[in-house]
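Under the numbering used here, the first residue of the sequence shown carries the number 1, and numbering increases by one thereafter.
Here a beta-carbon is modelled for each residue, glycine too, at the ideal position from N, C-alpha and C.
As the structure is a computational prediction, the values presented were derived from the model and not from experiment.
Below is one structure; the comments refer to it alone.
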Amino acid sequence: MTPIRINLTLGLLWLLLGMLLGEHMGRSGDHGQMPTHAHIMLLGGVLSIVWAMIYKVFNVQIGLLAWVQTGLHQLASLVMIVALYFLYGQLADPAVTGPILGIAAIGVIVSLLLVIVQTLRTKL
Ligand code: HEM
Ligand code: HEM
């Protein structure tokens with residue numbers, strides 16, 4: 001297992017999950033989970049696959065930063081998506097989900113910063 005494989009595989013699985021939720025939204029006519037669907041598709045799915053492609057295409061050296069970035073992106077995406085599901089499904093008090101979303105957002109941003117650092121260190 002490498003960060004490339006993990007990001008690619010989990011990204012594709014996020015797409016599958018997001019499409020199943022989108023399909024459920026379409027069938028039920030209840031689009032209340034649209035922000036959850038959008039973030040599963042784009043934050044979980046598309047961005048994970050973009051990270052895998054950046055690592056692969058630009059031959060970024062896979063070291064500690066790549067592992068930390070991958071773990072952080074997947075963990076923060078998971079926390080954010082579950083919290084969004086609870087928030088938009090009105091399954092939890094927004095006073096509880098709010099701070100969780102805030103912390104997850106910081107995780108997503110730090111993960112992006114780690115990609116920026118690694119690409120800047122990569123000779124193109
Ligand atoms: C099986 C495939 C899919 C289904 C059934 C589906 C279903 C839906 C539905 C029902 C909505 C709500 C539309 C509305 O209320 O205006 C929606 C919105 C959205 N979908 Fe999907 N979707 C699918 C695939 C995708 C894919 C592949 C992406 C991106 C990679 C995507 C990204 C989005 C985004 C960003 C929104 C929010 C749009 C907005 O802000 O107006 N969806 N989708
Ligand atoms: C730090 C991470 C992020 C935070 C805090 C964040 C926050 C938000 C918020 C507050 C909304 C409005 C939700 C609403 O309609 O009530 C939103 C919508 C949206 N975000 Fe994000 N977002 C993040 C990451 C991303 C990323 C990485 C993407 C795409 C690659 C993205 C794509 C979208 C899209 C397409 C919508 C519109 C979806 C809709 O209308 O439901 N977001 N985001």
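query = For Leu75, which option in Ile100, Gly18 and Glu23 has the closest C-alpha, if you only look at C-alpha atoms?
reply = Cα-wise, what sits closest to Leu75 is Ile100.
message = Do Ala38 and Val79 count as a contact pair if the criterion is CB distance below 7 Å?
response = Note that the C-beta distance between Val79 and Ala38 is not below 7 Å.
query = Quick one: what's got a C-beta closer than 8 Å to Gly18's C-beta in the same chain, skipping five residues either side?
reply = Counting only Cβ-Cβ distances below 8 Å, and skipping sequence neighbours, we find His37, Ile40, Met41, Gly44 and Gly45.
ask   = Using the rule of at least 16 other Cβ atoms within 10 Å of the residue's Cβ for burial, across every protein chain shown, is His73 buried or exposed?
value = Flag for His73 reads buried.
task = Determine the direct distance from the alpha carbon of Asn7 to that of Glu23, and round the result to whole angstroms.
result = So the alpha carbons of these two residues sit roughly 24 Å apart.
query = Going straight from the alpha carbon of Val115 to that of Ala66, what length do you get?
reply = So the alpha carbons of these two residues sit roughly 8 Å apart.
ask   = When you compare only the Cα positions, how much space is there between Gly98 and Met53?
value = Their backbone Cα atoms lie some 32 Å apart in a straight line.
query = Among the residues of its own chain, which have a CB less than 6 Å from the CB of Trp51, if the five just before and after it don't count?
reply = Beyond the five residues adjoining it in sequence on each side, Trp51 comes within less than 6 Å, by CB distance, of Asn7 in the same chain, given in chain order.
key: Among Leu15, Leu120 and Val117, nearest to Leu47 - alpha-carbon criterion   = Ranked by how close their Cα comes to the Cα of Leu47, the residues Leu15, Leu120 and Val117 have Leu15 in first place.
ask   = Per DSSP, what kind of secondary structure is His31 in: helix, strand or coil?
value = The three-state secondary structure of His31, taken from DSSP, is coil.
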